[in-house]
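Chemist: To get this note's numbering, take the position in the sequence shown, counting from 1, and add 97. Got a structure for you, questions after.
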Amino acid sequence: MRDVLFSMQYIIGDSGKRTAPLLAHCDKNEIFRVIQESLSESGNDLAKLTPTDFMPACFDVCPHVDIFGAWQVYLVDSQDLSKLVYSPDSGNNVKIVELATGEFDAIASSIYTELDNLLDAFQ
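Put into structure tokens, the structure is as follows:
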């Protein structure tokens, strides 16, 4: 539980910093490809779709713990919606969930608080 909590600190810390309207209006496969290539430093298309000095790691919302293994989960916000784009297999099978802007961040923050309280209770 401590590993999940530690990993979620970064996800919570990037709350509100994932706004990229041009990227958010791309299709799921393009969003996934652009972010994945940027994170692996094998492509530079993200620079064309985001503000200057945008950090691609902020899109990564998958807790980095063993249970998630090869999963890649990215969140991109625009003014009117958020897109959660994910794949369990390095992009061979990309899926998407559309959420209200801020919905993911609110839920993640609530989960973080609950996990933190549970951890405190057992220490």
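Even for Gly, the Cβ is constructed at its ideal location relative to N, Cα and C. Quick caveat, the model's predicted, so the values are computed rather than measured.
I'd like to know if the stretch 138-147 and the stretch 114-123 are in contact, where contact means that at least 3 CB-CB pairs between them fall below 8 Å.
Modeler: At 8 Å Cβ cutoff, the stretches touch.
Chemist: With DSSP as the reference, identify every bridge partner of T116, one or two as the case may be.
Modeler: DSSP lists D174 as partners of T116.
Chemist: Report yes if the CB atom of V131 is closer than 8 Å to the CB atom of L212, and no otherwise.
Modeler: No. Outside cutoff.
Chemist: So the beta strand (DSSP E) S184 belongs to, where does it begin and stop?
Modeler: Here the beta strand (DSSP E) through S184 covers S179 to S184.
Chemist: Which residue wins for smallest C-alpha separation from Q133, given the options S112, C159, L216 and D150?
Modeler: The option with the nearest alpha carbon to Q133 is C159.
Chemist: Here's the rule: buried if 16 or more other CB atoms are within 10 angstroms of the residue's CB, otherwise exposed. What is D202?
Modeler: Buried, because 16 or more other Cβ atoms sit within 10 Å of the Cβ of D202.
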